[in-house]
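In what follows, a structure is listed as structure tokens, so that the remarks can point back to it.
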Amino acid sequence: MPGSLLYLCRFPLKSGVTSVCKQSHVFQNFNRGRLLSSKGNNSSFIQKQFIRGAPRNKGDPPQQFVRGAPRHKTDAQQHLQSPGSVLTKHFLMSATIVSGSFIGAIIVSYERSAQGTRRYQDYKVRIAAFQFHFSKMFLYIFVTNAVVFTLWRIPRLLPFMQRYFLASPCKEQSVLGGFLSSFSHENFLHFFVNMYVLWSFSNALTARFTHENILAVYFSGAAVSSFLSIAVKVFRRIPTPSLGASGAICTMIGLVGCAFPDSEFCIALIGEIIPHSFSAKSGILALLTFDSLGVILGWRFFDHAAHLGGTLFGMWYWKYGHNLVKGQSRRVVDNWIRLKKFIS
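Sequential numbering of the sequence shown, starting at 35, is according to this note's numbering.
Spelled out as structure tokens, the structure:
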């Protein structure tokens, strides 16, 4: 079955920065404005709840984006953390998540093998004439994203969600926000499309990799892609936060494209209406080209840096990372056995 590919995954959060960032006076007048709609009837639930900084007069564009306005740094940009400080903290966090994910996957695989546990069960769901197959691995990710999506709708939790579930170089944001933002979605369409694309690619991976391994790749892709996204924001002095699972999903796309080079992709939801397909190689090349241009030219509608980082990490994992993890498995298991004996 061809994988469903749709470029509607990770977005910069619309209309500015979070209220957590705005607790600092330097963020009070900041508003993104150009490609992202201001607060209003058509804005998402998240926007209506905590996005502020709209133009003072209804219909007026933000001052910094008025044609001919002086091009000076905003207070928010001037007060961002130094690049070295931000990148060091987020790099260490990303490295911890990546190494912890794969070490955890190796240990869980060993324990399951030692206990003689069978493979994870796959599930089938029939809706009308359609039948869906999905793995327990996908179910874990789906439920996690659904829970986070629900938590965003609880007003009392908004300060917590803003601090820990958005990716931003703003110093008021938690360093965990880069990783956890991969489980946040702005609206139901954003959530649905991302989960649909993930489902279409995850089924192919379960035939080649263990569920633990896939989860480790997914979490690592989320961490790496978010780090690259934050790095680009830091160097371009952009405090606008972003959210979405696309970095991790692009990791899966890159991995599937390399692991199954003869597979075919199609545009999600369109393939069922207008049958079409294109090679995995062409799809990956198109993604890399589009995202590279987005990063170079500074396009901001999508988080191109996160998409690019995720795709490249998936390709790297297939070519080098898989063997690297395999080579360290014995050492990790030996250390785990020694630790268990020491504890007992």
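Using N, Cα and C, we set each Cβ at its ideal position, and we do this for glycine too.
When you compare only the Cα positions, how much space is there between C55 and N237?
Against the sequence shown, residue 55 aligns to sequence position 21. Against the sequence shown, residue 237 aligns to sequence position 203. Per-residue confidence for C55 stands at a pLDDT of 48, beneath the threshold of 50, marking its modelled position as unreliable; the derived number appears in the next sentence. One C-alpha to the other measures close to 39 Å.
Please state whether DSSP places A293 in a helix, a strand or coil.
In the sequence shown, the residue the question calls residue 293 occupies position 259. If DSSP states are grouped into helix, strand and coil, A293 belongs with the helices.
Between C292, H219, E298, L277, which has its C-alpha nearest F183's C-alpha?
As a position in the sequence shown, residue 183 is number 149, starting the count at 1. For the residues C292, H219, E298, L277, the minimum Cα distance to F183 belongs to H219.
Roughly how many whole angstroms lie between the Cα atoms of S276 and F299?
Against the sequence shown, residue 276 aligns to sequence position 242. Against the sequence shown, residue 299 aligns to sequence position 265. Answer to the nearest angstrom: the Cα atoms are 27 Å apart.
Thinking just about the alpha-carbon of each residue, which of L239, H124, G118, S119 is nearest to the one in D262?
Taking the first residue of the sequence shown as position 1, residue 262 is located at position 228. The sequence shown places Leu at residue 262, rather than the Asp named in the question. If we check each option's Cα against that of L262, H124 comes out closest.
Assign F199 to one of three DSSP states: helix, strand, or coil.
As a first step, residue 199 must be located in the sequence shown, where it is residue number 165. Coil, per DSSP.
Given a threshold of 16 other Cβ atoms within 10 Å of its Cβ, counted over all protein chains shown, does G150 qualify as buried or as exposed?
Your numbering for residue 150 matches position 116 in the sequence shown. Result: exposed.
Compute the Euclidean distance between the alpha carbons of V227 and G361, then round it to the nearest angstrom.
Position 193 of the sequence shown, counting from 1, holds the residue named residue 227. Position 327 of the sequence shown, counting from 1, holds the residue named residue 361. Their backbone Cα atoms lie some 36 Å apart in a straight line.
Is the beta carbon of G291 sitting closer than 8 Å to the one on A314?
Locating residue 291 in the sequence shown gives position 257, counting from the first residue. Locating residue 314 in the sequence shown gives position 280, counting from the first residue. Cβ distance < 8 Å, so G291 and A314 count as in contact.
From the DSSP output, read off the bridge partner residues of E298.
Residue numbering aside, residue 298 sits at position 264 when the sequence shown is read from its first letter. Partner(s): S313.
Work out the CA separation of A256 and I264 for me, nearest whole Å.
Residue 264 sits at position 230 when you count from the first residue of the sequence shown. Residue 256 sits at position 222 when you count from the first residue of the sequence shown. For I264 and A256, the distance between alpha carbons rounds to 12 Å.
Under a Cβ-count criterion, where at least 16 other Cβ atoms within 10 Å of its own Cβ denotes burial, should R190 be classed as buried or exposed?
Locating residue 190 in the sequence shown gives position 156, counting from the first residue. Exposed: under 16 other Cβ atoms inside 10 Å.
Are the CB atoms of M127 and V209 within a distance shorter than 8 Å?
Taking the sequence shown and counting its residues from 1, one reaches residue 209 at position 175. Taking the sequence shown and counting its residues from 1, one reaches residue 127 at position 93. In contact: V209 and M127 (Cβ atoms closer than 8 Å).
Does DSSP put S363 in a helix, in a strand, or in coil?
Residue 363 sits at position 329 when you count from the first residue of the sequence shown. Note: S363 maps to helix in three-state DSSP.
Which whole-angstrom value describes the C-beta separation of F213 and S147, a residue pair presumed to lie in contact below a C-beta threshold of 8 Å?
Numbered from 1 along the sequence shown, position 179 holds the residue referred to as residue 213. Numbered from 1 along the sequence shown, position 113 holds the residue referred to as residue 147. In fact, because the Cβ distance is near 28 Å, the residues do not count as touching under 8 Å.
Below 8 Å on the Cβ atoms is my contact criterion, and I expect V366 with I141 to pass it. Report the Cβ-Cβ distance as a whole number of Å.
Residue mapping note: residue 366 aligns to position 332 of the sequence shown, counting from 1. Residue mapping note: residue 141 aligns to position 107 of the sequence shown, counting from 1. That belief holds up - the Cβ atoms of V366 and I141 are roughly 7 Å apart, short of 8 Å.
Please classify F376 as buried or exposed, where buried requires at least 16 other C-beta atoms within 10 Å of its C-beta.
Translated into positions along the sequence shown, residue 376 becomes position 342. Exposed: under 16 other Cβ atoms inside 10 Å.
Would you tell me roughly how many angstroms separate the C-alpha atoms of G138 and V359, rounded to the nearest one?
In the sequence shown, residue 138 corresponds to position 104, counting from 1. In the sequence shown, residue 359 corresponds to position 325, counting from 1. The straight-line gap from Cα to Cα measures roughly 12 Å.
Have a look at F347 and Y174 and give me their C-alpha separation to the nearest angstrom.
Numbered from its first residue, the sequence shown carries residue 347 at position 313. Numbered from its first residue, the sequence shown carries residue 174 at position 140. One C-alpha to the other measures close to 22 Å.
Along the alpha helix (DSSP H) that carries F217, what are the first and last residues, could you check?
Residue numbering aside, residue 217 sits at position 183 when the sequence shown is read from its first letter. Premise fails: F217 is in no alpha helix (DSSP H) and is neither H nor E.
I think G344 touches G278, with their Cβ atoms under 8 Å apart; what is that distance to the nearest whole Å?
Position 310 of the sequence shown holds residue 344. Position 244 of the sequence shown holds residue 278. The pair is not a contact, with the Cβ atoms about 11 Å apart (cut-off 8 Å).
Roughly how many whole angstroms lie between the Cα atoms of I188 and F335?
Stepping through the sequence shown from its first residue, residue 188 is reached at position 154. Stepping through the sequence shown from its first residue, residue 335 is reached at position 301. Computed Cα separation, rounded: 27 Å.
I'd like the span of the alpha helix (DSSP H) that includes T130, first residue to last.
Translated into positions along the sequence shown, residue 130 becomes position 96. T130 -> alpha helix (DSSP H) spans 117 to 148.
Just tell me which of N247, L327, L321, V268 has its CA closest to the CA of G355.
Residue mapping note: residue 355 aligns to position 321 of the sequence shown, counting from 1. Residue N247 is the option with its Cα nearest to G355.
Does the distance from the CB of L185 to the CB of M195 come in under 8 Å?
Looking up residue 185 in the sequence shown gives position 151. Looking up residue 195 in the sequence shown gives position 161. Yes. Within cutoff.
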